[in-house]
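Asker: Right, I'll just put the structure down here and ask away after.
Number of protein chains: 2
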Amino acid sequence: MKKHFTDTIFYQIELTAKYCKLMGQQVFEKYNVGLTVEEYSVLDTLICRPEICQRDLAKLILKDRANTGKILDSLEKRGYIKRKLAIKNNRPVKIAEITDLGKDRVEEVSEKLRPHMQVVMDKINNSDLARVSDLLRELRDFLNDTLEIQI
Amino acid sequence: MKKHFTDTIFYQIELTAKYCKLMGQQVFEKYNVGLTVEEYSVLDTLICRPEICQRDLAKLILKDRANTGKILDSLEKRGYIKRKLAIKNNRPVKIAEITDLGKDRVEEVSEKLRPHMQVVMDKINNSDLARVSDLLRELRDFLNDTLEIQI
DNA sequence: ATAAGTATGTTGCATTTGCAACATGTAGTA
DNA sequence: TACTACATGTTGCAAATGCAACATACTTAT
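Chains A and B are the protein sequences, given in the same order. Here the first sequence is numbered in the working numbering, starting from 10 and rising by one per residue. Here the second sequence is numbered in the working numbering, starting from 10 and rising by one per residue.
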């Protein structure tokens, strides 16, 4: 390892994530989105993974089950999702389904977010982008296998 | 942009950061470190940046000034840092100086953390690592210039 | 049939975090 | 000289977050 933790890729990823989050927050504030970045991200995840149960969602986004439930409660209360019961492995679960309102909201926010992200991505070589993307995924897969993830 | 926010590099960075944080937390728990990952990271930053003032530290680690103060308060209370007064641009500021105890602690924790990080880094091509590192830094520099960072 | 284990989701609570307001002190400007 | 702006750090507060304990229901082992 390099001399300092602050020199490691782990530190860099965590620090860069803070910048990314800040970028999201500023865009959301600028347009008075009425959703947090986290909520938007959850809704977008539900679009990609329709009918995912709450616990599986928590695992996917690496959040505590309780907190995931609270986020879904909040989104449900505002009409962006609805909860349905389903059977998974013979067990009753609650699944979160994004509503049309939720989808519209995500599309609306994505329209606003897109140019801001595009500006950043225009600065990055596409080949590099793909490489970084692949490596991050590889890193997550490896950590997913080696860490004790209790969710 | 790709179809979904969850496909973007931003989302990937944020999600990967959660995995990295979890890795750190598990190592710290395993060895009963008695520091949080954040505190360890702050101490390591202070080693790299001796005599940094509190506000500059907050800017460096992208944390709220108040929260940074609280973290430093906690570290000071346990003897890992001490606060000193200094003059910066003719103004009185508090600077945080890591103590010998703090340095010993960082070294001790780094010893334990190192093999865990090494295992991960052994999985990654060094050339890729350098590339990702460079890109993350470039991304941070760009966002640092374009975002309104009020700290 | 029963007991133990596991899965899923909720509740209560404590901790972490960021924000606004404030305090203090210096710089810049009229 | 007085006023305004800015820099730095603290306090109080609310929101977000994770954890432990619990409830419910199914699976597995005895």
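By construction, the Cβ of each residue, glycine as well, lies at the ideal position given by its N, Cα and C atoms.
1) I'd like to know whether the C-beta atoms of arginine 92 of chain B and isoleucine 104 of chain B end up nearer to each other than 9 Å.
2) Would you kindly work out how many angstroms separate the C-alpha atoms of glutamine 63 of chain A and leucine 110 of chain A, rounded to a whole number?
3) By the criterion of Cβ-Cβ separation under 8 Å, what are the contact partners of aspartate 137 of chain B in chain A?
4) Give me the Cβ distance between phenylalanine 14 of chain A and serine 50 of chain B, rounded to the nearest whole Å; I'm assuming they're in contact under 8 Å.
5) Chain B partners of valine 129 of chain A, CB-CB under 9 Å?
6) Starting from the beta carbon of aspartate 53 of chain A, find every residue of chain B whose beta carbon is closer than 7 Å, and list them in chain order.
7) Please report how far the alpha carbon of aspartate 143 of chain A lies from the alpha carbon of glutamate 157 of chain B, in whole angstroms.
8) Using DSSP with H/G/I as helix, E/B as strand and the rest coil, what is arginine 58 of chain A?
9) With DSSP as the reference, label leucine 52 of chain A as helix, strand or coil.
10) Residues in the stretch 28-44 of chain B with C-beta within 8 Å of chain A's C-beta atoms, listed in sequence order?
11) So, does the CB of tyrosine 89 of chain B fall closer than 9 Å to a CB anywhere in chain A?
12) So, helix, strand or coil for isoleucine 22 of chain B, using DSSP?
13) Bridge partners for valine 102 of chain A per DSSP, in chain order?
Answerer: To lay it out plainly:
1) Along the second sequence, read from residue 1 onward, the residue named residue 92 of chain B stands at position 83. Along the second sequence, read from residue 1 onward, the residue named residue 104 of chain B stands at position 95. In terms of Cβ geometry, arginine 92 of chain B and isoleucine 104 of chain B form a close pair [threshold 9 Å].
2) Within the first sequence, numbered from 1, the residue matching residue 63 of chain A stands at position 54. Within the first sequence, numbered from 1, the residue matching residue 110 of chain A stands at position 101. Cα-Cα distance, rounded: 20 Å.
3) Counted from its first residue, the second sequence places residue 137 of chain B at position 128. Within 8 Å Cβ-Cβ: Arg140 and Leu144.
4) Working through the first sequence from its first residue, we reach residue 14 of chain A at position 5. Working through the second sequence from its first residue, we reach residue 50 of chain B at position 41. Indeed, because the Cβ distance is near 6 Å, the residues count as touching under 8 Å.
5) For the purposes of this step, residue 129 of chain A is taken as the residue at position 120 of the first sequence. In chain order: Ile18, Phe19, Leu148, Phe151, Leu152 and Thr155.
6) Within the first sequence, the letter at position 44 stands for residue 53 of chain A. Chain B residues near aspartate 53 of chain A: His13, Phe14 and Thr15.
7) Position 134 of the first sequence, counted from the first residue, corresponds to residue 143 of chain A. Position 148 of the second sequence, counted from the first residue, corresponds to residue 157 of chain B. Computed Cα separation, rounded: 30 Å.
8) Indexing the first sequence from 1 puts residue 58 of chain A at position 49. Three-state result, arginine 58 of chain A: coil.
9) Taking the first residue of the first sequence as 1, we reach residue 52 of chain A at position 43. In this structure, leucine 52 of chain A counts as helix in the three-state DSSP scheme.
10) For the stretch 28-44 of chain B, the set of positions with a beta-carbon nearer than 8 Å to some beta-carbon of chain A reads Tyr28, Cys29, Lys30, Leu31, Met32, Gly33 and Gln35 in chain order.
11) By 1-based counting over the second sequence, the position of residue 89 of chain B is 80. Not closer than 9 Å to any Cβ of chain A, the Cβ of tyrosine 89 of chain B fails to qualify, so no.
12) As a first step, residue 22 of chain B must be located in the second sequence, where it is residue number 13. Note: isoleucine 22 of chain B maps to helix in three-state DSSP.
13) As a first step, residue 102 of chain A is located in the first sequence; it is residue number 93 there, counting from the start. The partner list for valine 102 of chain A (beta bridge, DSSP) reads A:Ala95.
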